[in-house]
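Oh and the sequence shown: position 33 is 33 in the UniProt record's numbering, straight run, nothing missing.
Cβ atoms here follow ideal geometry from the backbone N, Cα and C, with glycine treated the same way.
Owing to the predicted nature of the structure, the values given are computational and were not obtained by experimental measurement.
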Amino acid sequence: MNPYISELFDKITKLEYFQDDCIKSGCLSTVITIGTQILELEKEVKKISNIIHPLIPEPWASMSADEIIKGLGVYK
Numbered sequence: 001m002n003p004y005i006s007e008l009f010d011k012i013t014k015l016e017y018f019q020d021d022c023i024k025s026g027c028l029s030t031v032i033t034i035g036t037q038i039l040e041l042e043k044e045v046k047k048i049s050n051i052i053h054p055l056i057p058e059p060w061a062s063m064s065a066d067e068i069i070k071g072l073g074v075y076k
């Protein structure tokens, strides 16, 4: 996978966990801010994905054939 896209997915995951914690503690303004950050990161992933290969969604667009095959459990 494209290293930058992988990094963006990691950031999104961390923000989602943090957002869940904020929801539980009742920090509404923080939840909204985190949601906005997540949307911006998702837009960035989509923009890069469209440049790499516009017809295939992430994470598959930036994976090599070997990564896809390995992820599916299919052997050559």
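By the beta-carbon neighbour count (other beta carbons within 10 angstroms, threshold 16), residue 34 is buried. Under the three-state reduction of DSSP, residue 26 is assigned to coil, being neither helix nor strand. Annotation: residue 62 to residue 68 spans about 10 Å, alpha carbon to alpha carbon. In terms of Cβ geometry, residue 5 and residue 48 form a close pair [threshold 8 Å].
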